[in-house]
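Colleague: In full-length UniProt numbering, the protein residues as written are 1 to 99.
Note that beta-carbon positions come from the ideal geometry of N, C-alpha and C, so glycine has one too.
Computed from a predicted structure; not experimentally measured.
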């Protein structure tokens with residue numbers, strides 16, 4: 001995400017009139033071009049959409065992920081790092097085989 005933000009600042013906002021009433025529409029067109037037509041070196045010259053299409057056949061849907069989830073093997077991680085760390089230590093103390 002950070003990379004596209006930097007690129008949009010350098011390539012779009014640097015040349016776009018921020019007072020332009022069509023700013024939102026112009027940004028949308030630029031983003032479409034960026035994702036559908038522009039090759040990316042980090043993707044070996046492919047566009048993001050080409051890469052999405054390549055991965056779509058092997059990427060599971062949410063329903064499949066939910067069906068494969070086994071809380072005895074893997075717990076859901078807390079978003080807050082410190083809370084997650086404390087919970088992990090507690091689980092390890094009470095059930096060392098859970099992790």
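(1) Whole angstroms is fine: what's the gap from residue 5's alpha carbon to residue 42's?
(2) Does the pairing of the segment 66–74 with the segment 82–89 give three or more beta-carbon distances under 8 Å?
(3) Only counting runs of 4 or more residues, tell me where the alpha helix (DSSP H) segments fall wholly within the segment 31–88, in order along the chain.
(4) Compute the beta-carbon to beta-carbon distance between residue 23 and residue 16, rounded to the nearest angstrom, for a pair I have assumed lies under 8 Å.
Modeller: Looking at the coordinates:
(1) A straight line joining the alpha-carbon of residue 5 with that of residue 42 spans about 15 Å.
(2) Contact between the segment 66–74 and the segment 82–89 is absent, because fewer than three Cβ pairs lie under 8 Å.
(3) Qualifying alpha helix (DSSP H) stretches, in chain order: 48–56, 62–68.
(4) Right, the Cβ-Cβ distance comes to about 6 Å (below 8 Å), so this counts as a contact.
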